[in-house]
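By this note's numbering, the letter at position 106 of the sequence shown is numbered 138, and the numbering carries on one by one without gaps.
Every residue gets a Cβ at the ideal spot worked out from N, C-alpha and C, and that includes glycine.
Since this is a predicted model, take the numbers as computed values, not measurements.
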Amino acid sequence: MNSEHEQAAFPCAPWQLRGAACLSMWKLPETALGQLAPDPGLPILKIAGNAFIATIWAQYSGGTLRYDELAVAVLVRGKGLLVPAGSVAAIWVNDAMSAEGGRRLWHIPKVLARFETLASERAFTGTMMLDDQFVAALSFEADAALPVRPRMSGFVIQPGIGGPLRTRCTVKGALCLGRAHWTIDPAGPLAALHGRRPLLSVGLRAMDAAFGV
């Protein structure tokens, strides 16, 4: 049985978070995933030998917790699922409770890092450092706002002791298409993305996200 101290170390699910984010989708050969390859027990979603990666840089400014986050998820095929599914291969946050909760609740391998993130009406910028070493920087500029605020849902699938652990997530916000420029350390944990351009990037404003619903 967990002690009261352990139970109070992080909020219980679900987490309701508000803020802004930038999402970029990438395509690269499965053989080039390197450190970003998911657990061998999780089948990668592939087209012509290519895998697909989502990078989500978020600034959660309200809700259950407040923190910045950079998550990297490889799209996978979830058995019996008709909605998108991804396995988080790497993720960094700047809040200890978020890191502990992500690991304990959903087997998401959150690591503490240092962020400088700025979200505005038409732009989203950020820099992330790990142990005083540069890892990644992002600069997103919105081109066109979409006239709808769709609610999207999907699953995060992580390896677990008794088999894959599925966690449902939802997000709703004002979407805008735009251009994202990523700068990646070629020797860092995101080296597989160095020198590549995302297929698509979108910004999310007035975002409402829920994890573990």
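Nearest to residue i (by Cα), restricted to the options the options
i: Leu60; options: Leu222, Pro196, Val125 and Val234; result: Leu222
i: Pro230; options: Ile216, Leu162, Ala176 and Asp100; result: Ile216
i: Arg50; options: Met57, Ile140, Thr96 and Ala219; result: Thr96
i: Asn82; options: Lys204, Trp58 and Gly186; result: Trp58
i: Val203; options: Leu236, Ala176, Ser56 and Asn126; result: Leu236
i: Asp240; options: Arg183, Phe84 and Arg154; result: Arg183
i: Leu162; options: Leu178, Ala169 and Leu144; result: Leu144
i: Leu46; options: Arg98, Phe84 and Cys201; result: As written in the sequence, residue 46 is Pro, which differs from the Leu given in the question. Ranking Arg98, Phe84 and Cys201 by Cα distance to Pro46 puts Cys201 first.
i: Val247; options: Leu170, Gly134, Leu77 and Arg135; result: Since the first residue shown for the chain is 33 and the last is 245, residue 247 is missing from the structure and cannot be characterised.
i: Arg228; options: Gly110, Ile85 and Ala80; result: Ile85
i: His213; options: Val234, Ile193, Pro196 and Gly194; result: Val234
i: Ala169; options: Val180, Arg181, Ser185 and Pro218; result: Pro218
i: Gly94; options: Glu62, Gln48, Gly110 and Thr63; result: Gln48
i: Arg211; options: Val180, Gly110, Arg154 and Arg181; result: Arg154
C-alpha distance - residue i paired with residue j, whole-angstrom precision
i: Ser35; j: Thr87; result: Low per-residue confidence applies at Ser35: pLDDT is 42, beneath 50, and the placement is therefore not dependable, though the value from the model is reported in the following sentence. Roughly 36 Å separates the two Cα atoms.
i: Ala131; j: Ile140; result: 8 Å
i: Gly220; j: Val167; result: 6 Å
i: Gln67; j: Ala90; result: 22 Å
i: Gln190; j: Ser152; result: 32 Å
i: Ala242; j: Arg198; result: 14 Å
i: Cys44; j: Val245; result: 11 Å
i: Ser119; j: Ala238; result: 25 Å
i: Ser56; j: Gly112; result: 26 Å
i: Asp164; j: Val125; result: 15 Å
i: Arg135; j: Cys54; result: 23 Å
i: Gly158; j: Pro196; result: 32 Å
i: His226; j: Lys142; result: 21 Å
i: Gly92; j: Gly133; result: Checking the sequence, you will find Tyr at residue 92 rather than Gly. Those two C-alpha atoms are separated by around 15 Å.
i: Ile193; j: Ser185; result: 25 Å
8 Å contact criterion, which residue i and residue j should meet: CB distance rounded
i: Met160; j: Phe147; result: 5 Å
i: Leu102; j: Ile123; result: 7 Å
i: Phe266; j: Ala52; result: Since the first residue shown for the chain is 33 and the last is 245, residue 266 is missing from the structure and cannot be characterised.
i: Ala224; j: Leu65; result: 6 Å
i: Val104; j: Ala121; result: 5 Å
CB contact flag (residue i, residue j, <9 Å)
i: Phe42; j: Ala117; result: no
i: Leu137; j: Asp175; result: no
i: Tyr99; j: Asp71; result: no
i: Ala206; j: Leu178; result: yes
i: Ile106; j: Ala80; result: The question names Ile, but residue 106 in the sequence shown is Val. No, the Cβ-Cβ distance between Val106 and Ala80 is not below 9 Å.
Exercise for review: Run through the stretch 179-206 for me and flag every whole beta strand (DSSP E) of 3 or more residues, listed as ranges in chain order.
Suggested key: 183-190
Practice item. Only counting runs of 3 or more residues, tell me where the beta strand (DSSP E) segments fall wholly within the stretch 100-187, in order along the chain. Key: 117-125, 142-144, 146-151, 155-162 and 165-177
Practice item. Within the stretch 43-87, note down every full beta strand (DSSP E) run reaching 3 residues or more, in order along the chain. Key: 47-61
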